[in-house]
Amino acid sequence: MIRLGVPSKGRLMEKTFDWFGARGLTLSRTGSDREYAGAVEGAEVALVLLSAGEIPRELAAGRIHLGVTGSDLVREKLTRWEDKVEAVAPMGFGHADLILAVPKVWIDVDTLDDLDAAAAQFRATHGHRMRIATKYHRLVREFLQQNGVADYQLVDSQGATEGTVLNHTAEMIADITSTGETLRANHLKVLADGLIHDSQATLFRSRTAAMDSAQQATLNDLRARLGRGG
Amino acid sequence: MISAADRARAADLMQGFVAAGATPVETDILQPAGTLLDLYGEDIRGRAFVTHDPIAGETMLRPDFTVPVVQRHMAEGADPARYCYTGEVFRRQEVDEGRPREYLQVGFEVFDGSDPAAADAEVFDLIARALAPWEAVPATGDLGILIAAIAGLTTSARRRAALKRHLWRPARFRRLMERYTGAIPPTHTRGLLLEQLTHTAPETLIQAAGTAVGLRGAGEIAARTQALAEDAGTPPIARTEAEVIAMILAMDGPMDAALSPLRDMAVDLPGLSPAVDRLEARAEALARRGHDPARLSFAPARGRSAMEYYDGFTFTFAAPLRPDLPPLATGGRYDALTAVLGDGRSIPAVGGVIRPGLLEGLA
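Just so you know, the sequences run in chain order A and B. Residue numbering for the first sequence is -14 to 215, as defined by this note's numbering. Residue numbering for the second sequence is 667 to 1029, as defined by this note's numbering.
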């Protein structure tokens, strides 16, 4: 049996089931609505229902062979993710951009160049570094480091991140957006070169999970079928 | 893991530093995070272990000794002073997981402004002699050359300050140079803003942009638009001057061979001369201690992307034939750091550290 980790609820789960279904693999939840158990028809595969946020860790630990999760979560949660998992197939849904956004009234800030200069000015004026609210600490820090932006600090925000600026707990945000509507409603705009990562739901394979020859055969067969597209 | 052999080697190295006249000092392993974050910014979180103390707040496992040793000296030390120390430092390894998360450092720091060239040579020589059994290969640099070149540029004070601020971030430094030499034109949006500013007050534009949110006020935004308008009117940095910066960044050869070309560059950028004088004095001081400047590798920008506090002489010692290893020892001059941590006081300072854990298994 190959163990396949799939998001346990919501649209992401439904879309994942559809995606596999279009490729001849019927995934379903079993038991009651509240029970996290699932089944797969058409292959020697065990379905493991997990929160999307836990799937990267389970893949890296080798407890599941395949897993569906956002490419943003893999990059955020795993160090050297490419050593631990392989992106088998982008799945074409769950699109979301991780972006840097600042208040619209910052007419002097359109780019990372501006952001860096404004951050220096902010620190000199307010005596503390410009705060960026986010839950994607690693991705944001690496992006800003690569681009040589200084004098900022990350503050943790696990929800309602767009509201932190209004509430004066941050000066700007780094968050996932799909349409930009929430940003606009909170008087924020995206920096022209502020796209940190364009994420989508992706099927990943664990590089660390142990496999016997039967499991290897199942995986090869699955890869061939899943590659065909639906 | 730190082995018993590493500790014995560290103790030997310490003894050598004490014999050279240094006072042994201790520092806490748990360091307040605030000072380190103020110095290094958010980048340090990627490199240090952050933990939380219910009373002291955010703390870090000591990522290096220099900052606490400087703090201690600035608070209670008398000049001149020589210190040595040994102990664990802790580094997060997000990129290369094979690298150790904790290892020993043995260091030597000199706080003495009487003869900086002699102090540079003293620290370099002490570490060179300590590493002599391993035939470590030295390489040197001098960030003071680049700092002097930036300070000498014929352009606005704001541009010079921005370049100086990003001296340690090569990617951003390059972008700034491209902008200031006119190689990158302003974006369409920026062109539009600059045009609007010629006939409309920034306050009006800010109001028209939408609802004000956040701490950064209209006054700050207006001040920066003013700065942008001024910068747009600043002529590009002259090609001859930009070339001097590029040549300094690219220069890599024997130390004594660097002096003549740097003197030539000082014709285009007279501000360079005092820094070249300091390099020459250091070369002489090193020669007096038996380190031939004709055989010492020298690249002015060396050490630029290491720790952010070096602002003069820098050096590394590498394991021969082991390019896979990090340097066995690193060091340099950090005069400006003492001012940042010194509450208005400052003192010329230079130091270096050896990593005894890397010596295991070397010839």
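Just so you know, even glycine gets a beta-carbon here, dropped at the ideal spot from N, CA and C. For clarity, every value in this text was computed on a predicted model and none was experimentally measured.
Check your understanding: Is the Cβ of A/H153 closer than 8 Å to any Cβ of chain B?
Key -> yes
Point to revise | Through-space distance from B/I872 to B/G969, alpha-carbon basis | key: 42 Å
Check your understanding: Does the segment 158 to 175 of chain A come close enough to the segment 81 to 98 of chain A to have 3 or more Cβ pairs within less than 8 Å?
Key -> yes
**Study point:** In chain order, each alpha helix (DSSP H) run of at least 4 residues that lies wholly inside the segment 772 to 860 of chain B
**Key:** 782 to 796, 809 to 817, 823 to 831, 836 to 846
Check your understanding: Within 10 angstroms of its Cβ, does B/E844 collect 16 or more other Cβ (buried), or is it exposed?
Key -> exposed
Review point. If you draw a straight line from the C-alpha of A/G215 to the C-alpha of A/T203, how long is it?
Key: Here the model assigns A/G215 a pLDDT of 46, short of 50, so the residue's position is not dependable, and the following value carries that caveat. Near 20 Å, if we compare the C-alpha coordinates of A/T203 and A/G215.
Point to revise | Start-end ranges of the alpha helix (DSSP H) lying completely within the segment 109 to 163 of chain A, minimum 4 residues | key: 122 to 131
Exercise for review: Answer with yes or no whether the minimum CB distance from A/K120 to chain B is below 8 Å.
Suggested key: no
Practice item. Check the Cβ of B/E763 against every Cβ in chain A and list those closer than 9 Å, keeping chain order. Key: T64, R65, D68
Check your understanding: What is the DSSP secondary structure of B/A671, reduced to helix, strand or coil?
Key -> helix
Practice item. Using a Cβ cut-off of 8 Å (strictly closer), state whether A/E26 contacts chain B. Key: no
Point to revise | Partner residues on chain B for A/E61, Cβ-Cβ distance less than 7 Å | key: Per Cβ cutoff of 7 Å: no residues; A/E61 is ~12 Å from chain B at best.
Exercise for review: Please determine if the segment 790 to 807 of chain B and the segment 988 to 1006 of chain B are in contact, where contact requires at least 3 C-beta pairs separated by less than 8 Å.
Suggested key: yes
Check your understanding: Mind checking whether B/S963 and B/P836 have CB atoms under 8 Å apart?
Key -> no
**Study point:** Min CB distance A/G133 to chain B below 8 Å
**Key:** yes
Practice item. List the residues of chain A whose Cβ lies closer than 8 Å to the Cβ of B/V1006, in chain order. Key: In chain order: nothing, as chain A lies at least about 14 Å away.
Review point. Closest to B/I813 by CA distance: which of B/R944, B/R758, B/A985 is it?
Key: B/R944
Point to revise | chain A contact for B/A949 (CB, 8 Å cutoff) | key: no
Check your understanding: Taking DSSP as the reference, what is the three-state secondary structure of B/Y749?
Key -> strand
Check your understanding: In terms of alpha-carbon separation, which member of A/Y121, A/D68, A/G179, A/D98 lies closest to B/P852?
Key -> A/D98
Exercise for review: Give, in chain order, every residue of the segment 792 to 825 of chain B whose Cβ lies closer than 7 Å to some Cβ of chain A.
Suggested key: none
Practice item. Mark B/T900 as exposed unless 16 or more other C-beta atoms lie within 10 angstroms of its C-beta, in which case mark it buried. Key: exposed
Review point. What whole-angstrom Cβ distance do B/D1001 and B/G1018 have, given they're in contact under 8 Å?
Key: Not quite, the Cβ-Cβ distance comes to about 15 Å (not below 8 Å), so this is no contact.
Exercise for review: Report yes if the C-beta of A/G38 is less than 7 Å from at least one heavy atom of the ligand GDP; otherwise report no.
Suggested key: As far as ligands go, the structure on display features none, and thus does not contain the ligand GDP.
Check your understanding: Taking the beta strand (DSSP E) that B/G902 falls in, what are its first and last residues?
Key -> It should be pointed out that residue 902 of chain B corresponds to Pro in this sequence rather than to Gly. From DSSP, B/P902 is part of no beta strand (DSSP E); its letter is neither H nor E.
Exercise for review: At 7 Å on the CB atoms, spell out the chain B contacts of A/D111, in chain order.
Suggested key: According to the sequence as given, residue 111 of chain A is His; it is not Asp. Residues of chain B passing the Cβ test: L881.
**Study point:** chain A contacts made by the segment 865 to 879 of chain B, where a contact means CB separation under 7 Å
**Key:** L871, I872, A875, G876, T877, A878, V879
**Study point:** In chain order, each alpha helix (DSSP H) run of at least 4 residues that lies wholly inside the segment -8 to 24 of chain A
**Key:** -5 to 6
Review point. Nearest to B/E856 by CA position, among B/R882, B/P940, B/Q892, B/K830, is which residue?
Key: In the sequence on display, residue 856 of chain B carries Arg and not Glu. That would be B/Q892, whose Cα lies nearest to the Cα of B/R856.
Review point. DSSP three-state call for A/K62: helix, strand or coil?
Key: helix
Review point. In whole angstroms, what separates the C-alpha of B/A785 from that of B/G810?
Key: 15 Å
Practice item. Under the assumption that B/A932 contacts B/S926 (Cβ atoms under 8 Å), give the Cβ distance between them as a whole number of angstroms. Key: Contact flag wrong, Cβ pair sits at about 11 Å.
Exercise for review: Can you tell me which of the three DSSP states A/L207 falls into?
Suggested key: helix
Exercise for review: Decide if B/V910 is buried, meaning its Cβ has at least 16 other Cβ atoms within 10 Å, or exposed.
Suggested key: buried
Review point. Should the segment 166 to 182 of chain A be regarded as contacting the segment 24 to 44 of chain A, the criterion being three or more beta carbon pairs within less than 8 Å?
Key: no
Check your understanding: Given A/R192, which residues of its chain have a CB within under 8 Å of its CB, disregarding the five upstream and five downstream residues?
Key -> D68, K69, V70, E71
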